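Final position of the sequence shown in my numbering is 334; the numbers increase by one with none missing.
The beta-carbon is built from N, C-alpha and C at its ideal position, and this holds for glycine as well.
Remember, predicted model here, so these are calculated numbers, not experimental data.
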Amino acid sequence: MELRKSDYESYDYRKFWQDNKRGYEDFSERKAIRKLLKNFEKKGTIADIGCGFGRLFNEYNDFDRVIMLDYSVNNLKNAREVINDFFFKNKSAKKPNSLYFIAADAERIPIKNDVLDMVISVRLMHHLNSPERFINEVQRILKEDGCFILEFANKRNLKNILKFFLGRTKKSPFSSEPLYIGETIRDYHPKIILRYIKSSGLKLIKLLSVSNFRISFLKTKLKPCILTKLESISQVLFSSLKLGPSIFVKSVKKSSNLFTESIDYVKNNGSEDFLDISEILVCPACGSSGNCLIISGEVISCGSCGKKFKNFDGIYDLRNKSE
Ligand SMILES: [Zn+2]
């Protein structure tokens, strides 16, 4: 069954996070990202794919270049507001030298091969029809040694296992097929996603089990400070069991050939960074790259196939809608 696209054009995703209703999940996800970013030099270009309204922007604002990418133009407009507000309130926060907003399909990312230093993607995978295609796309756009932080919804979580053994659901959390939550969400067995990562050529570095106590009676009974302490300890402790409803994985793009790897490392040592976004964009219709997209006022046109795209006041709409 194909997933219906979530309609973030008419729904303000900020509402989902408002009033601190999901303060515990927000804390848990940030904690995981900080653990995975530890010791990573925040330089070069990062893309947040499925960035939503930019909730996590302040976890990576100190990169040199930031690309906010989402399918929803509405989400991107909100992200721009959230980011402006963040810098207004945090005058001393480091600003990226360049910040871009791109509306695009995550399964067909309009970015050239081997150009990004890091990709982060949180709460996107469960909306995609082909997580495998998305992971392959990320592998393609990352530089050698580029890093990918990916979050996905885990169907084989403790709550689902308990429900299954208590007879409250017939859907086995152990089977390999995805678990549908309504028409717009799909949760996965960790072994399937880890298999896609491996077959894409990315090398798994670390895995964290996240939001481990997202069980309503625990969330109401335990004090927030106890809950956050337990979460912090359990992310690593539970990583081998993978029982959390959310799994974070860190993987790195490595060449399979050691000799090539050493040469590429020298070649990619920060020298090939782009000056203008048009240098790294790819036409989503014909796949042409290398300054083929000409941005002129409100129109972006492909010099190769002639297809036209829109530029909404700095938000590049590169969704290939006729497909
Ligand atoms: Zn084209």
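Checklist line | residue 22, enclosing beta strand (DSSP E) - first and last residue | finding: Element bounds for residue 22: n/a, residue is neither H nor E.
Check: Since residue 114 is in the beta strand (DSSP E), which residue starts that stretch and which ends it?
Finding: 109 to 114
Margin query: Is any non-hydrogen atom of ligand 1 found closer than 8 Å to the C-beta of residue 303, if you look at the structure I gave you?
Written below: yes
Check: Out of curiosity, what's the CA-to-CA distance linking residue 116 and residue 312?
Finding: 18 Å
Item checked: Segments assigned beta strand (DSSP E), at least 3 residues, entirely inside the stretch 100 to 184 -> 109 to 114, 127 to 132, 153 to 164
Check: Any heavy atom of ligand 1 closer than 8 Å to the CB of residue 115?
Finding: no
Margin query: Is it buried or exposed, residue 100, if we count other Cβ atoms within 10 angstroms and call 16 or more buried?
Written below: exposed
Margin query: Looking at the secondary structure, which residues open and close the alpha helix (DSSP H) in which residue 228 lies?
Written below: 227 to 232
Notebook entry, point to check: Per DSSP, what kind of secondary structure is residue 186 in: helix, strand or coil?
Noted result: coil
Next item on the list: State the CB to CB distance for the pair residue 90 and residue 74, rounded to an integer number of angstroms; the pair is presumed to be in contact (CB under 8 Å).
Entry: About 15 Å; that fails the 8 Å criterion.
Next item on the list: Would you kindly report the start and end of the unbroken beta strand (DSSP E) that includes residue 215?
Entry: 213 to 221
Margin query: Does the stretch 158 to 171 come into contact with the stretch 251 to 269, if we say contact requires no fewer than three beta-carbon pairs (one atom in each stretch) closer than 8 Å?
Written below: yes
Margin query: Under 8 Å, with one C-beta from each stretch per pair, do the stretch 143 to 159 and the stretch 182 to 190 reach the 3-pair mark?
Written below: no
Notebook entry, point to check: By DSSP, does residue 56 sit in helix, in strand, or in coil?
Noted result: strand
Check: In chain order, what residues of the same chain lie with their CB nearer than 8 Å to the CB of residue 170, ignoring the 5 residues before and after it?
Finding: 225, 226, 256
Next item on the list: Measure the alpha-carbon distance for residue 206 versus residue 244 and round it to whole angstroms.
Entry: 27 Å
Note to self: Suppose the cutoff is 8 Å on Cβ atoms and the five residues either side in sequence are ignored; what does the same chain contact list for residue 41 look like?
What the structure shows: 67, 70
Notebook entry, point to check: Touching or not, the stretch 72 to 86 and the stretch 16 to 35, by the rule of three or more beta carbon pairs under 8 Å?
Noted result: yes
Checklist line | Backbone CA spacing between residue 222 and residue 45 [nearest angstrom] | finding: 15 Å
Notebook entry, point to check: Going by Cα to Cα distance, which pick from 105, 258, 156 is closest to residue 203?
Noted result: 258
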